[in-house]
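Encoded as structure tokens, the structure appears first; notes follow it.
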Amino acid sequence: MNNEILLQNTFEKIDRYIKSNSDKGKPLVKFKMPAELTSIIDPEIAEEGITEKEFLDMVDNYLEYSVRTGNKQFLNQLYSGFNFPAFIGEVISTLANTSMYTYEVAPVATVIETEMIRLMNSYVGYSDGDGVFLSGGSNANLVAMFSARNQVFPDGRFDGYDSNLKLKAFINEQAHYSFETAANVLGIGAKNVVKVKADKEGKMIPGELKKEINNAIGKGERPFFVAATCATTLKGAYDPLEEIADICSEHNIWLHADGSFGGSLILSDRHRHLMNGIEKTDSFAWNPHKLMNIPLICSVILVKKRGTLQQNITDINADYIFHDIDQIEDLGKKSIQCGRKVDAVKLWFAWKYFGLKGYRSRIDNSIDMAAFAEKKVMEHPDLELLTPRQSFAVCFRYIPGRETDLNAFNLELRESLRKSGKSIVNYGYIGDTLAIRLITANGELEKSDIDQFFDNLLTEAEKLDSVYKSAASRKLQKSSI
Ligand SMILES: Cc1ncc(COP(=O)(O)O)c(C=O)c1O
Numbered sequence: 006m007n008n009e010i011l012l013q014n015t016f017e018k019i020d021r022y023i024k025s026n027s028d029k030g031k032p033l034v035k036f037k038m039p040a041e042l043t044s045i046i047d048p049e050i051a052e053e054g055i056t057e058k059e060f061l062d063m064v065d066n067y068l069e070y071s072v073r074t075g076n077k078q079f080l081n082q083l084y085s086g087f088n089f090p091a092f093i094g095e096v097i098s099t100l101a102n103t104s105m106y107t108y109e110v111a112p113v114a115t116v117i118e119t120e121m122i123r124l125m126n127s128y129v130g131y132s133d134g135d136g137v138f139l140s141g142g143s144n145a146n147l148v149a150m151f152s153a154r155n156q157v158f159p160d161g162r163f164d165g166y167d168s169n170l171k172l173k174a175f176i177n178e179q180a181h182y183s184f185e186t187a188a189n190v191l192g193i194g195a196k197n198v199v200k201v202k203a204d205k206e207g208k209m210i211p212g213e214l215k216k217e218i219n220n221a222i223g224k225g226e227r228p229f230f231v232a233a234t235c236a237t238t239l240k241g242a243y244d245p246l247e248e249i250a251d252i253c254s255e256h257n258i259w260l261h262a263d264g265s266f267g268g269s270l271i272l273s274d275r276h277r278h279l280m281n282g283i284e285k286t287d288s289f290a291w292n293p294h295k296l297m298n299i300p301l302i303c304s305v306i307l308v309k310k311r312g313t314l315q316q317n318i319t320d321i322n323a324d325y326i327f328h329d330i331d332q333i334e335d336l337g338k339k340s341i342q343c344g345r346k347v348d349a350v351k352l353w354f355a356w357k358y359f360g361l362k363g364y365r366s367r368i369d370n371s372i373d374m375a376a377f378a379e380k381k382v383m384e385h386p387d388l389e390l391l392t393p394r395q396s397f398a399v400c401f402r403y404i405p406g407r408e409t410d411l412n413a414f415n416l417e418l419r420e421s422l423r424k425s426g427k428s429i430v431n432y433g434y435i436g437d438t439l440a441i442r443l444i445t446a447n448g449e450l451e452k453s454d455i456d457q458f459f460d461n462l463l464t465e466a467e468k469l470d471s472v473y474k475s476a477a478s479r480k481l482q483k484s485s486i
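Its first residue numbered 6, the sequence shown is counted upward by one per residue in my numbering.
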């Protein structure tokens, strides 16, 4: 194999791929069922290596059959968009391939991660805060709960968890499932995560939290952790931090804010008020890989008190790695990972490129696009808004002009839209009602992209309706014969 030929050809393919992200004629996905895809991709490893042509075909096939999340019709997930400077940062950091644990092997990345943590803490208002990049929002929530547990039960780090302590955690009933997993991992048990009632908009009700905490105390249990959510996964709701912080401070409970989805709203002067009180929390999960459009994974846990993360780690007796020789604390000493990607680097490339102002306006734009989409839903006679929009998520459904099972119809609509390759949007349930959930996470969306999405959706809906109508008229003709 000639690696120079491979490199040159791969660069050309990358260039074509990036350009075609904005090609409206290109499907978002060439959908294949798993068996067919397996035969196209040929995932098995053979005894002999492959040829140059086969290698380049692998590149083509990977890009051809993957979902184009950089296309602006990818409105499915809480992440989307192609971020050019962050992509360059990812490539450069993979090229230099190092691990975050020590300054010795990652001097540049250590300086960069330290600055990113400082900057992010300055937005939150943690004046003596700290933080570390880690492998996703779920893990940020885990480290937050871990830190809270170690604060109330430091011996647990050595002795293991004592169930006589009866620790209880409290979350919004619509919070992310990672908190139950965290309680499971920490030996606290998912059953000991109390789901606090939310109001109609999806926000945790402070009075209900108070009630649940008092209930637990009455039963001799020990409330130790409350997680507020800064944008719930389905409705995009922001829990009222000020009121929740007052309750936590009254009972001396660790308050975590899960901003895995909506934490980046803190960058916006216009909308930051939804997170008023954030400086009163003890920890904050923030995922730049969602609303800042950094390539996955790029996640941070921030803590109010310096030293918290180091205390989580027991017995660093790894003198084969941490030599304390460079007049700087190795960042590996505050991480539960050993080897760790330099995810701060791609964020730094992007933040430098767009500037503080650029990111402010990207976040504002995402909110503006969600407001525009919500207005379109409200103004269209066949669309129904299922819950008032809170931030970046618009939950709605299509109402066909006939009696039908609306959940089944909207599920079919979402599926046929996905398989058409024109737009991809997700769905979830609000109570028993299936809601199509449009997410405007891509900071570069324009009104024309939202218009395009609704055109695609309505065209598919009309197609589904006409199939039904012609089947119904065939049935009618038959019965009249
Ligand atoms: C509110 C919330 N918390 C946590 C997570 C988990 O984040 P990650 O996917 O980075 O693990 C998500 C993901 O969608 C989320 O919406």
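The beta-carbon is built from N, C-alpha and C at its ideal position, and this holds for glycine as well.
Computed from a prediction, not measured in an experiment: that's the story for all the values here.
Asked	Found
Option nearest isoleucine 218 by Cα separation, candidates Lys208, Asn197, Thr237	Asn197
Beta-carbon separation (whole angstroms), isoleucine 258 vs isoleucine 271, contact threshold 8 angstroms	Their Cβ separation, rounded to whole angstroms, is 23 angstroms, which puts isoleucine 258 and isoleucine 271 out of contact at 8 angstroms.
Residue span of the alpha helix (DSSP H) that contains arginine 154, given as start and end	142–157
Contact check, arginine 442 vs leucine 239, beta carbons under 8 angstroms	yes
Burial state of isoleucine 486, where buried means 16 or more other Cβ atoms lie within 10 Å	Because the pLDDT at isoleucine 486 is just 49, under 50, the model does not fix this residue reliably, and the point stays unresolved.
Run of the alpha helix (DSSP H) containing asparagine 412, from where it starts to where it stops	411–425
Glycine 178 - DSSP class collapsed to helix/strand/coil	In the sequence as presented, glycine is not what sits at residue 178; that position holds glutamate. Correct three-state label for glutamate 178: coil.
Burial state of threonine 43, where buried means 16 or more other Cβ atoms lie within 10 Å	exposed
CB of asparagine 76 within 8 angstroms of CB of leucine 12, strictly	no
Aspartate 62 beta carbon near ligand 1 (any heavy atom closer than 7 angstroms)	no
Glycine 142 beta carbon near ligand 1 (any heavy atom closer than 7 angstroms)	yes
Inter-residue Cα distance where the pair is lysine 31 and threonine 74	12 angstroms
Residues near histidine 276 by beta carbon distance below 8 angstroms, same chain, minus five either side	Leu270, Ile368, Asp369, Ile372, Ser396
DSSP state of phenylalanine 289 mapped onto helix, strand, coil	strand
Same chain, Cβ closer than 8 angstroms to isoleucine 97, neighbours up to 5 away in sequence not counted	Val350, Phe354
Endpoints, alpha helix (DSSP H) assigned at arginine 21	8–25
7 angstroms Cβ shell around lysine 171 - same chain, five flanking residues per side excluded	Gly225, Glu226, Arg227
Best match in Ile193, Phe175, Phe151, Asn189 for proximity to asparagine 169 [C-alpha to C-alpha]	Ile193
The beta strand (DSSP E) enclosing phenylalanine 229, as first and last residue numbers	227–234
Nearest to glutamine 457 (by Cα), restricted to the options Asp28, Lys18, Met6, Glu41	Asp28
For isoleucine 318, three-class secondary structure by DSSP	coil
Reduced DSSP secondary structure (H/G/I, E/B, other) of tyrosine 434	strand
Whole-angstrom distance between alanine 101 and aspartate 20, CA atom to CA atom	21 angstroms
Separation of glutamate 41 from aspartate 470, as counted between CA atoms	30 angstroms
Local conformation of leucine 272 per DSSP, three classes	helix
Span of the alpha helix (DSSP H) around phenylalanine 163	161–164
The region 398–416 touching the region 436–450, judged by at least three CB pairs closer than 8 angstroms	yes
Buried or exposed (CB count within 10 angstroms, at least 16 for buried), leucine 124	exposed
Interface flag, lysine 339 vs chain B, CB-CB below 8 angstroms	Of the chains in the structure shown, none is chain B; there is only one protein chain.
Sequence-distant residues of the same chain with beta carbon closer than 7 angstroms to glutamate 465, five excluded per side	Leu418, Ser421, Leu422, Ser425
Local conformation of glycine 94 per DSSP, three classes	helix
Opening and closing residue of the beta strand (DSSP E) in which valine 199 lies	198–201
Neighbourhood of threonine 56 by C-beta distance below 8 angstroms, restricted to the same chain and skipping five residues each side	Met6
Secondary structure, alpha helix (DSSP H): runs of 4+ residues fully inside the region 28–77	39–46, 57–70
heavy atom of ligand 1 below 7 angstroms from tyrosine 348 C-beta	A small correction: the amino acid at residue 348 is aspartate; tyrosine does not occupy that position in the sequence shown. No, the beta carbon of aspartate 348 sits no closer than 7 angstroms to any heavy atom of ligand 1.
Backbone secondary structure at aspartate 387 - three-state DSSP	coil
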